[in-house]
Structure formats: C-alpha cells, structure tokens
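Encoded as structure tokens, the structure appears first; notes follow it.
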Amino acid sequence: MNTTTLYTSYDPLARVYNEDWAVEVLKETIPALETLIFPNLIQDAQILDLGCGTGQLAQKLMEKGYKVTGIDASAGMLHYARENAPEAKLILNDARLIDFYPTFDAVISIGAFNHVMSLEELTNVFHKVYQSLLDHGIFLFYLFLEEEYLDNWNGKITGNVKEDYAWAAKNSYDLETKIASINLTIFSLIDNTWQRLDSTISEKCYTQEELILSLKTVGFSDIRVYDAHLDLNISRMPGCKYFVCHKQKMNGKNHT
C-alpha cells in the first residue's frame with residue numbers, strides 16, 4: 001500500500017468521522033487519558049498525536065495547556081483538523097514515515113494502528129515513536145483486539161442521514177486473514193444532484209502478545225495493558241485496549 005493510496009482512501013471518511021464518530025471517540029478517550037497519562041505529564045508537555053484524524057483530541061489537549069503536534073495521512077482529515085484545532089501544529093504524513101529527533105514528552109495514538117496492515121510495518125512505527133520520545137517519555141495507544149471484531153464486525157450496518165449528506169457503513173471481519181473491512185457508501189448533494197461515493201477501509205487485527213513483543217523489540221519498557229471496559233469502565237465494547245509504555249534511559253544510552 002503506497003502513501004498516495006493511503007491518503008486518498010481515507011479522505012471520504014473524513015466528514016463521517018468529524019460529524020458522527022469523533023464525539024463518541026473523544027467521550028471515551030479523555031477519561032482514559034486522565035487516568036493513564038495526564039498525571040505523569042508536566043503542564044506544558046509536548047505531545048505528538050499520531051493519526052490525529054479531524055483534530056478534536058488535539059484541541060482538547062491544547063485546552064489543557066499541552067503543546068500538540070498532530071500527524072495524519074489523510075488530507076481530508078486534516079482539513080477538518082485545521083478547523084477544530086487551529087493552534088495545533090498539523091502535518092500531512094504517514095505514521096510509517098515520521099522522523100523526529102527526541103522531542104516529545106508523550107506520543108498518543110487513538111485507533112490508528114489497526115490501519116497499519118502488517119506487524120513488520122507496525123514495529124517500524126513503534127521504533128519511530130521510540131526515537132521521537134524524550135528520555136522517560138510515555139507512549140499510549142488504543143486499538144481493537146479480536147474480541148471487538150468478532151462481536152461487532154459481523155455485517156452490522158450503521159449510518160446517518162442529513163439534509164445534504166447521507167452515509168452507510170457495513171463492517172465485516174475475516175477470521176482467517178485477521179483483516180476487518182468498513183464498506184462505506186456516501187451520498188452528497190452537490191449542485192442539486194446526489195452523488196454517490198463508495199470506499200473500503202481495511203484494518204488489521206493483532207494479538208496482545210504480538211504487540212507487547214513488538215514494543216519490547218524496539219526498546220519500550222513498563223508495558224501495561226488496560227481493557228477499556230473492565231479496567232477503565234469507559235466502554236461497553238469488548239476487546240478495546242489501551243497500551244501504555246515508557247522510553248527508559250539505560251546505562252546512559254537509549255535503545256536504538
């Protein structure tokens with residue numbers, strides 16, 4: 001999957017995410033961050049929001065006094081992010097291609113890593129995150145494990161209808177390939193004519209063991225996993241996990 005394909009394939013999702021999904025995501029994310037990461041950050045911490053989407057989380061982080069850099073591979077998502085978080089530093093880039101010197105006190109990624117379609121590529125992303133963190137920096141990310149896909153990605157259809165816009169999404173999951181799909185159909189009223197757009201978004205399911213090993217491989221330590229429902233009481237959906245880990249300085253040198 002080249003970066004051009006990645007950028008364009010997510011653009012049709014941008015308005016749907018901005019208007020229909022982001023509020024629910026934010027409602028669950030902020031309580032998790034308040035428990036898992038905010039107590040360990042200085043007041044003006046530098047935070048990288050990796051896969052920042054339409055920018056609602058970046059704005060909330062800035063309202064708390066943090067300095068936020070947001071990265072997303074979709075120009076459509078960043079169009080809304082610039083409206084929602086006008087003071088954030090927003091960059092159009094692929095998470096697999098980021099290249100920062102140690103800069104950030106924390107890196108946060110909410111829901112983005114299921115969209116990285118191989119463990120090798122995801123491990124490379126983790127390595128780049130590790131490099132971007134300051135010593136003792138915190139890395140928090142949220143993603144779905146298989147329990148979520150088995151329970152909720154079984155042909156379920158969701159959607160919404162507005163005056164100039166309508167969408168429907170059908171979710172599915174292939175148990176053999178561990179690949180989930182969102183088949184999205186959007187109707188937009190443009191110049192008094194309804195126009196249809198179809199798009200498919202793919203996600204990859206990883207095991208908790210794969211993710212922990214991958215994090216350890218690139219040097220992260222103190223890896224902890226929290227179930228959004230059982231541990232944090234912020235979601236009724238099974239298989240939604242928060243991973244929290246740290247970049248530690250050992251013997252005067254960091255793992256590279």
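Heads up: the sequence shown begins at 1 in this note's numbering, then just goes up one per residue. Just so it is clear, CB atoms sit at the ideal spot from N, CA and C, and this is done for glycine as well. Source: prediction; values computed, not measured.
Review point. Below 8 Å, can you find three or more Cβ-Cβ pairs linking the segment 11-19 to the segment 189-208?
Key: Yes, the segment 11-19 touches the segment 189-208.
Practice item. Classify Asp72 as helix, strand or coil using the three-state DSSP reduction. Key: DSSP places Asp72 in strand when its eight states are reduced to three.
Exercise for review: Return the bridge partner residues of Phe100 from the DSSP annotation.
Suggested key: According to DSSP, residue pairing for Phe100 in a beta bridge does not occur.
Check your understanding: If you pair each beta-carbon of the segment 85-102 with each one of the segment 28-37, do three or more pairs fall below 8 Å?
Key -> Taking 8 Å as the limit for Cβ pairs, the verdict is that the segment 28-37 does not touch the segment 85-102.
**Study point:** 8 Å CB neighbourhood of Asn84 in its chain, flanking five on each side removed
**Key:** Sequence-distant partners of Asn84 (beyond 5 residues in either direction) whose C-beta falls short of 8 Å from its own C-beta, in its chain, are Asn18, Thr54, Gly55, Gln56, Ala58, Gln59.
Practice item. Tell me, please, whether the segment 185-196 touches the segment 129-139 by the rule of three or more beta-carbon pairs shorter than 8 Å. Key: No, the segment 185-196 is not in contact with the segment 129-139.
Review point. Out of curiosity, what's the CA-to-CA distance linking Lys64 and Thr193?
Key: So the alpha carbons of these two residues sit roughly 43 Å apart.
Exercise for review: Would you mind sorting Met237 into buried or exposed? The rule is 16 or more other CB atoms within 10 Å of its CB.
Suggested key: Residue environment: Met237 is assigned as exposed (fewer than 16 neighbouring CB atoms within 10 Å of its CB, all protein chains considered).
Review point. Looking only at DSSP bridge pairs, what is Ile223 linked to?
Key: In the DSSP output, where bridge partners are listed per residue, Ile223 has none listed.
Practice item. Name the two residues that bound the continuous beta strand (DSSP E) containing His229. Key: Note, His229: premise wrong, no beta strand (DSSP E); not H, not E.
Practice item. Using a threshold of 7 Å, state whether the C-beta atoms of Gln248 and Ser214 are closer than that. Key: No, the Cβ-Cβ distance between Gln248 and Ser214 is not below 7 Å.
**Study point:** Own chain, CB closer than 6 Å to Tyr149, minus 5 neighbours either side, in chain order
**Key:** So the list reads Tyr173, Ala180, Cys205, once near-sequence residues are dropped.
Practice item. Pick out the complete alpha helix (DSSP H) segments inside the segment 139-176, 4 residues or longer, and give them in chain order. Key: Runs of the alpha helix (DSSP H) inside the segment 139-176: 146-152.
Point to revise | For Leu203, the three-state DSSP class (helix, strand or coil) | key: According to the sequence as given, residue 203 is Glu; it is not Leu. In this structure, Glu203 counts as strand in the three-state DSSP scheme.
**Study point:** Residue range of the beta strand (DSSP E) that includes Ala180
**Key:** Looking at the DSSP string, the run of the beta strand (DSSP E) that includes Ala180 is 179-190.
Practice item. Could you check the C-alpha separation between Asn124 and Phe141 for me, to the nearest Å? Key: Their backbone Cα atoms lie some 15 Å apart in a straight line.
**Study point:** Distance, Ile42 Cα to Ile137 Cα
**Key:** The residue asked about is misnamed: residue 137 is Gly in this sequence, not Ile. When rounded, the distance between both Cα atoms is 11 Å.
**Study point:** Backbone CA spacing between Trp167 and Asp72 [nearest angstrom]
**Key:** Within the model, the alpha-carbon separation for Trp167 versus Asp72 is close to 23 Å.
Review point. Within this structure, are the beta carbons of Gln195 and Phe104 separated by less than 7 Å?
Key: Pairing Gln195 with Phe104 gives a Cβ-Cβ distance that is not under 7 Å.
Practice item. Determine, using beta carbons only, whether Asn183 and Lys162 come nearer to each other than 7 Å. Key: Result no, Cβ atoms of Asn183 and Lys162 do not sit closer than 7 Å.
Point to revise | Neighbourhood of Trp21 by C-beta, 6 Å cutoff - its chain only, sequence neighbours within 5 removed | key: For Trp21, there are no CB contacts under 6 Å within the same chain when 5 residues up- and downstream are skipped.
Practice item. Would you mind working out which of Asp94, Asp49, Asn233, Tyr226 sits nearest Phe243, comparing C-alpha positions? Key: The alpha carbon of Phe243 has as its nearest neighbour, out of Asp94, Asp49, Asn233, Tyr226, the alpha carbon of Tyr226.
Exercise for review: Write down the C-beta distance between Glu210 and Leu119 rounded to the nearest angstrom, noting that I regard them as a contact closer than 8 Å.
Suggested key: Separation of the CB atoms of Glu210 and Leu119 is rounded to 6 Å, and the pair is thereby assigned contact status at 8 Å.
Check your understanding: Roughly how many angstroms separate the alpha carbons of His246 and Trp153, rounded to a whole number?
Key -> Separation of His246 and Trp153 (C-alpha to C-alpha, rounded to the nearest whole angstrom) is 32 Å.
Check your understanding: Straight-line CA distance for Lys128 to Thr217?
Key -> Inter-residue distance for Lys128 and Thr217 is about 12 Å (C-alpha atoms, whole angstroms).
Review point. Does DSSP put Leu45 in a helix, a strand or coil?
Key: For the sequence presented, residue 45 should be read as Ala rather than Leu. Correct three-state label for Ala45: coil.
Check your understanding: Does the Cβ of Val116 have 16 or more other Cβ atoms within 10 Å, making it buried, or fewer, making it exposed?
Key -> The residue in question, Val116, is buried, as its Cβ has 16 or more Cβ neighbours within 10 Å.
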